[in-house]
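In UniProt numbering, the protein residues as written are 1 to 500.
These notes concern the structure reproduced below.
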Amino acid sequence: MAQTTAVASLSRRRQRFVVLFFVCLFTFGSYFCFDTPGALGSLLERGPMKLSATEFNLLYSVYAWPNVVLVFLGGFFIDTFGSRPCSVVLSLITLIGQLITTTGVFCKSFKLLLVGRFLFGSGSESLNVCQSTIVSHWFQGSELAMAFGFSLTVSRLGSIIAFNILPSYSERFGLSSAFLLGGLLCSVSFVATLCFVYVDRKAEEELNFTMTQIDQGNTSLSNVEHKFSSKAIFPLSFWLGSIAGMSVYAIFFSFIAIGTDLFQREFDVAGSTAGFLVSLIYNVSMFLAPVLGKLLDLYGYRGITIGLAVMLTSLSLHILSNSFHSMNVFHSFSRMQILYSCSIFLGLGLSGISSALWPSLAICVNPQSLATAIGIAQALQNLGTSLTTFFMGIIIDRKGYRQSLRFLEMIGMFSCCVVFVWNILDRFGEDRINKPTEQLEEIEELRQPLALESEIQLQGKLMIVPVTPRVVVLVRQRLLGPRGESGVVRRNYYAKIGIQ
Ligand SMILES: NCCCC[C@H](NC(=O)[C@@H](N)CCCCN)C(=O)O
1 MAQTTAVASL SRRRQRFVVL FFVCLFTFGS YFCFDTPGAL GSLLERGPMK
51 LSATEFNLLY SVYAWPNVVL VFLGGFFIDT FGSRPCSVVL SLITLIGQLI
101 TTTGVFCKSF KLLLVGRFLF GSGSESLNVC QSTIVSHWFQ GSELAMAFGF
151 SLTVSRLGSI IAFNILPSYS ERFGLSSAFL LGGLLCSVSF VATLCFVYVD
201 RKAEEELNFT MTQIDQGNTS LSNVEHKFSS KAIFPLSFWL GSIAGMSVYA
251 IFFSFIAIGT DLFQREFDVA GSTAGFLVSL IYNVSMFLAP VLGKLLDLYG
301 YRGITIGLAV MLTSLSLHIL SNSFHSMNVF HSFSRMQILY SCSIFLGLGL
351 SGISSALWPS LAICVNPQSL ATAIGIAQAL QNLGTSLTTF FMGIIIDRKG
401 YRQSLRFLEM IGMFSCCVVF VWNILDRFGE DRINKPTEQL EEIEELRQPL
451 ALESEIQLQG KLMIVPVTPR VVVLVRQRLL GPRGESGVVR RNYYAKIGIQ
């Protein structure tokens, strides 16, 4: 672990951003393809495929249900074999899955469509885990949340492009061309994984050369980072975060699935405006994710941000469920004002949650089993989303849209409670999720007695071996001054070993 952090910290800034560029593209194609059926909507139901509503929903179910298990296995494989080979294999599975889906549309074979969608989902969800793992390894201790933010922006761009261009594109060029376009974007993602492998391998070679001058031990990135730890028992904090993620993502994905219909039927909104209102949620999140990420890195407050975002989400659902044309309790606002505000609030909620949740989970667990951890979190997320969309369907059929929103509100309240307990337990335990990223780096540095002992003695001030991270931070703040000096240990250490 000590060497992992040292190796990750030694990576140069420029190299990190080249890696980030390619890693962001990993999921660009798959988000486009994931949202393709939703964006085409009625064209799949009324067009040449003539899918029934159940068949249409199956396209999402075959994506989500298998991933309740597969994405966990994906995470385990990434920890065991390393993110380089796994990213290539997973990206290839995603691409092949999308090409089979396209063939299914071309041959008007629903069975082939399902097989393709299943294969596509198996690759794409684990590719998401791979992306998070690589981002965490490269940005741990620096701009972690901001890097996650950029990856979210590029992914959301894929979804937004799908929602905005696919309806007119498929009317002009046909349904199979729309799916083929998805295949083309997946090949862009595949090429990005190959570029990543090249850059990552080069970086490892350079770092290995440097590290062998410092330490004759085994410092290979893949050996240090990717071996699955036998001690993959995750802390309570990780489980609470994953349960919060499961419930709150279930709200968003279920709402986005029914959003267009809901706006059209219950608020008398035209089809294109309804689609725009739903994609507004992604739009807000796309622009805000990196900015919010930067702020979260600088000031911390990840857990608190998630709490506020969940509250805002629940509030938006509450406003919506009380604004149906049959019974609008917010008379002073026009229907469109309410709808636009709620979509923007939901976008803010999604931004807060997605920007703060994944970095929080990453800092809660041991880097050696990070992919397994993210895999578990995404497996739970798929479980939550599958169950919620299933129950939403039943509620809508039996009781209508209003009750289905109430159901989501209840999940929102449950999420608020989980996030509250998560924050409290973290505050009185490891105290990590609300800390600025640089302070987390200091905690990690001070947890590395071998790497830092001599350096600490050079400072001539600090001779206490850390007992708990919190005690260490307090002692350091006394001796080295406030937050402004954070990173001083690392910089001195770099200077000592001749790296700037
Ligand atoms: N690599 C970034 C972490 C995941 C972000 C998160 N996506 C998911 O959780 C996927 N399981 C869902 C994919 C659905 C595509 N619309 C997110 O916030 O998108």
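In this text, a Cβ means the ideal position worked out from N, Cα and C, and glycines have one as well.
Since this is a predicted model, take the numbers as computed values, not measurements.
- For Leu51, the three-state secondary structure derived from DSSP is coil.
- A distance of 8 Å or more separates the beta carbons of Leu405 and Leu312.
- Per DSSP, reduced to three states, the secondary structure at Asn67 is helical.
- Taking one beta carbon from each stretch, the region 272 to 290 and the region 145 to 152 have 3 or more pairs nearer than 8 Å; the two touch.
- For Ile395, the enclosing alpha helix (DSSP H) starts and ends at 370 to 399.
- A residue is called buried once 16 or more other Cβ atoms fall within 10 Å of its Cβ, and Thr80, having fewer, is exposed.
- Note that the region 137 to 148 does not touch the region 65 to 78; fewer than 3 beta-carbon pairs, one per stretch, sit closer than 8 Å.
- If you ignore the 5 residues before and after Arg402, its C-beta comes within less than 7 Å of the C-beta of Ser321, Phe324, all in its own chain and listed in chain order.
- For Thr27, there is no enclosing alpha helix (DSSP H), as DSSP gives it neither H nor E.
- Around the beta carbon of Leu262, 16 or more other beta carbons lie within 10 angstroms, which makes this residue buried.
- Per DSSP, Arg335 is one residue of the alpha helix (DSSP H) stretching across 335 to 364.
- Residues of the same chain with a CB within less than 7 Å of the CB of Gly300, apart from the 5 flanking positions on each side, are Asn434, Lys435, Pro436 in chain order.
- Gly121 is positioned such that its CB atom lies no closer than 8 Å to that of Gly104.
- If you check the CB distance, Tyr60 and Ser159 do not come in under 8 Å.
- Taking C-beta separations shorter than 7 Å and ignoring five residues to either side along the sequence, the partners of Gly412 in its chain run Ile251, Val310, Thr313, Ser314, Leu317, following chain order.
- If you ignore the 5 residues before and after Val199, its C-beta comes within less than 6 Å of the C-beta of Val18, Val19, all in its own chain and listed in chain order.
- In this structure, Glu55 has its CB at a distance of at least 7 Å from all heavy atoms of ligand 1.
- The DSSP-derived three-state label of Tyr301 is coil.
- The beta carbons of Asn67 and Asn382 sit about 4 Å from each other, so the pair counts as a contact at 8 Å.
- Going by DSSP, Ala162 is part of the alpha helix (DSSP H) stretching over 144 to 173.
- Here the alpha carbons of Thr305 and Val135 stand approximately 21 Å from one another.
- In this structure, DSSP gives Ala270 a state outside helix and strand, which the three-state scheme calls coil.
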